[in-house]
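All remarks here apply to the structure that follows.
Next comes the structure, spelled out in structure tokens:
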């Protein structure tokens, strides 16, 4: 009964636009229908009567909308499209627009800092834009983990070995170049074949999908023309694969 009363009160507040504080926080789509259909999940971030951001890790853009005021349970995006917010219960809302429908559930575990979370989407989007293109391997840098015996002869032999020089499971010596586009991470081999994988890029990792397996590739952008992928194998060797833009 108490939960029902709270939900009815919140619905009344939403209708009157008098108190939107219950929207504050992160919401994740449980059901989503969008016109371009280039992503299957979204996140909404509300704070103090505003939609701070509408984001996704899938699709051409990670940040879809930002800093939109909510008036009379509606908001208007940068293109002038109007969306309505309907409260289903205290943990569920529906967002409807022209050729858009989303049912969102309030996340049980909320981010400590919403602004920082939104910044991660923005930074990742900027990084992905910079990394889209063709890249050639120009150098490998190998090192042992810091707690390993740097002078041990066996470790030194491991460093010299080319057995572990691989990107994913592909020998680096067989790779001609890689391509990144909006959706795929493609490895082109010297024999003309290629391996294509969908991926998600966040601020420090390129998560490459191969069937049900996810390969997280730690990356760092060194300059507009150079970045590196750091791999690590079970015997304790780090290999930095340095790429130059073509």
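Numbering (the numbering used here), first residue to last: 41 to 286. Beta carbons are placed, not taken as given, at the ideal position from N, Cα and C, and that holds for glycine. Note that the coordinates shown come from a computational prediction; the quantities given were computed from them, not determined experimentally.
Query                                                                                                                            : Result
Relative to the C-alpha of residue 90, which residue among 64, 278, 256 is closest?                                              : 64
Give the straight-line distance between the Cα atoms of residue 121 and residue 109, rounded to the nearest whole angstrom.      : 13 Å
If you measure between the beta carbons of residue 226 and residue 213, is that distance less than 8 Å?                          : no
Mapping DSSP to helix, strand and coil, what is residue 118?                                                                     : coil
Give the straight-line distance between the Cα atoms of residue 255 and residue 97, rounded to the nearest whole angstrom.       : 16 Å
Taking the continuous alpha helix (DSSP H) assigned at residue 163, which residues delimit it?                                   : 154-171
Can you give me the start and stop residues for the beta strand (DSSP E) that residue 136 sits inside?                           : 132-137
For residue 196, does the three-state DSSP call read helix, strand or coil?                                                      : helix
Tell me whether residue 93 is buried or exposed, calling it buried when 16 or more other Cβ atoms sit within 10 Å of its Cβ.     : buried
With the cut-off set at 8 Å, would you say residue 320 and residue 180 are in Cβ contact?                                        : No statement about residue 320 is possible, as the shown extent of the chain runs from 41 to 286 and does not include it.
What do you reckon, are the CB atoms on residue 67 and residue 133 nearer than 8 Å?                                              : yes
Please look up how many angstroms separate the CB atoms of residue 333 and residue 281, rounded, as I've assumed it's under 8 Å. : Only positions 41 to 286 of the chain appear in the structure, and residue 333 is not among them; the question remains open.
List the endpoints of the continuous beta strand (DSSP E) containing residue 148.                                                : Per DSSP, residue 148 belongs to no beta strand (DSSP E) and is neither H nor E.
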